[in-house]
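Residue numbers (full-length UniProt numbering): 1 to 118.
Below is one structure, written out as C-alpha cells, with a few remarks after it.
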Amino acid sequence: LFKTVSYKSCLPESHRFEIQKRNFLDRFRIRKSLKCFLKKLGNCPVDEYNLKLKYLIELSGIEPSLDSETFHVNRSSSYLNATISLVRVTGETGIQTSGGCRPDGIVEWKTFCDFQEI
C-alpha cells in the first residue's frame with residue numbers, strides 16, 4: 001500500500017503544503033515513521049474507527065502543529081447578512097467555535113465537543 005499510494009494524498013491540502021516546505025530530512029523522517037506505522041498496522045485487524053484514530057495519533061506524534069484545522073463558516077443563509085464564525089478541530093481540545101475576532105485581534109474559543117469518548 002505504501003508503495004502505491006502517497007501518504008500526502010491522504011492529507012488535507014494545507015498539511016501537504018506544510019510538509020512540502022520542510023527540508024529533505026524532515027520529509028524522510030515523516031515518510032519513514034508512517035511506513036513503520038503502516039507495517040505494524042498491516043498485521044492487525046482493525047475497523048474503520050480504530051484505523052482513523054490510530055492515524056490521527058500517529059500524525060499528531062509526528063508533527064503536533066498539524067493536528068488542528070480551522071474553518072471559516074457562514075452562519076447566515078443569506079449572503080447579504082453573512083456572519084462569519086470560526087470552527088477549529090484539534091486532536092487535543094476537540095471541536096471549538098468562535099464568533100470571530102474581537103477588536104483587539106484575539107479569538108475567544110468555546111468548546112463544542114472535546115471527544116471524551118476517545
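The beta carbon of each residue, even a glycine, is placed where N, CA and C say it ideally should be.
| Asked | Found |
| --- | --- |
| Buried versus exposed, by CB contacts within 10 Å (16 or more), Q96 | buried |
| Whole-angstrom distance between D104 and L11, CA atom to CA atom | 33 angstroms |
| For R88, three-class secondary structure by DSSP | strand |
| 9 angstroms Cβ cutoff, Q96 in contact with chain C | The structure shown has no chain C; it contains just one protein chain. |
| Nonlocal neighbours in the same chain, by C-beta distance under 7 angstroms from G99, ignoring five residues either side | S85 |
| Strand pairing of S36, partner residues [DSSP] | First, the amino acid is wrong: residue 36 is Cys here, not Ser. DSSP output for C36 lists no bridge partner at all. |
| Three-state class that DSSP yields for E18 in the structure shown | helix |
| Spatial neighbours of R27 in its chain, beta-carbon cut-off 7 angstroms, leaving aside the 5 residues before and after | I19 |
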